[in-house]
Structures are given as structure tokens and as C-alpha cells.
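Student: Below are the C-alpha cells for one structure; questions will follow.
Numbering (the numbering used here), first residue to last: 789 to 922.
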């Protein structure tokens, strides 16, 4: 059973693909799940890892990320998006990641998710880039 995150100050890290970064700014689509994600957006918990370590782990399996931005649990909650711990352990295809979590967008349809993603992007931009590749 997933444990809901309730520390509103905890920042959750989001990886930004290089193709989604324009002049250092991520596209708003990076702040919502893709259609294949079944309304669940992957993030990593700042209470258990750093932005740099999250980036390093993410890219060890061949995934690409140019930057890490973050959103707090309370910023997600303000948009009716609960967040849950979802540690990855003993998966044959993924490295162990005890910091993995999910932001649950299921209360929003696709159109609403796009609107919410724009708001989340503004929150993330106000916090600034937390890690960037050189």
C-alpha cells in the first residue's frame, strides 16, 4: 500500500529531457504524466536523495536528462495532486531507488492536466533549476 507524503515542504525532483529544455526553461509538458504513465508522474524525494544523485541514478539506465527541477508536496496538493512514496526495489529492469515517488493526476482529465502542468511549471521556475548537466 502506498504511503501518502504529508510533509508539504518536501521537494520532489523532476527530470527534464534535453529536448524539453528551451533556453534553460522546461516545457510545461514535463510537469504532467505522459499518456503512457496512467496519470502517475514519477518524481524523487528530496528527503531521501539529492537532485544530483537523482539525476545520476536516472541516467544510469540510459535515460536522458539535462536538468532537474522541483515541486513541493504542498504545491502539488494545491492542485489536488496527492503524492505517494513508491520506492523501486528489486526490479529486474531498474536500479533500486528508495526515493522514487508518484504524483497522482487521476483527479484531472487530460485537458485539466495541461492547465495544472502550466501552474506547476511556474512553481518550479520560481524555485529554479536544482541540477543541470554541464
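All residues carry an ideal CB built from backbone N, CA and C; glycine is no exception.
List, from N- to C-terminal side, the beta strand (DSSP E) runs of 3 residues or more that fit wholly inside the region 816–896.
Tutor: Those beta strand (DSSP E) runs which fall completely within the region 816–896 and span 3+ residues are 828–833, 855–860, 871–873 and 888–892.
Student: Sorted by chain position, which residues of the same chain lie with C-beta nearer than 7 angstroms to residue 801's C-beta, five sequence neighbours on each side aside?
Tutor: For residue 801, where only same-chain residues beyond five positions count, the Cβ hits under 7 angstroms are 831, 832, 834, 839, 842, 856, 858 and 918.
Student: The alpha helix (DSSP H) spanning residue 750 covers which residue range?
Tutor: The question about residue 750 has no answer, for the chain in this structure spans 789 to 922.
Student: For the candidate residues 922, 921 and 898, whose alpha-carbon lies nearest to that of residue 819?
Tutor: If we check each option's Cα against that of residue 819, 898 comes out closest.
Student: DSSP has residue 814 in a bridge; who is on the other side?
Tutor: DSSP lists 809 as partners of residue 814.
Student: With 16 other CB atoms within 10 Å as the buried threshold, where does residue 794 fall?
Tutor: Flag for residue 794 reads exposed.
Student: Please state whether the Cβ-Cβ distance between residue 816 and residue 905 is less than 7 angstroms.
Tutor: Yes, these two residues count as a Cβ contact at 7 angstroms.
Student: Here's the rule I'm using: 16 or more other beta-carbon atoms within 10 Å means buried, otherwise exposed. How should residue 927 be labelled?
Tutor: The question about residue 927 has no answer here: the residues shown for the chain are numbered 789 through 922.
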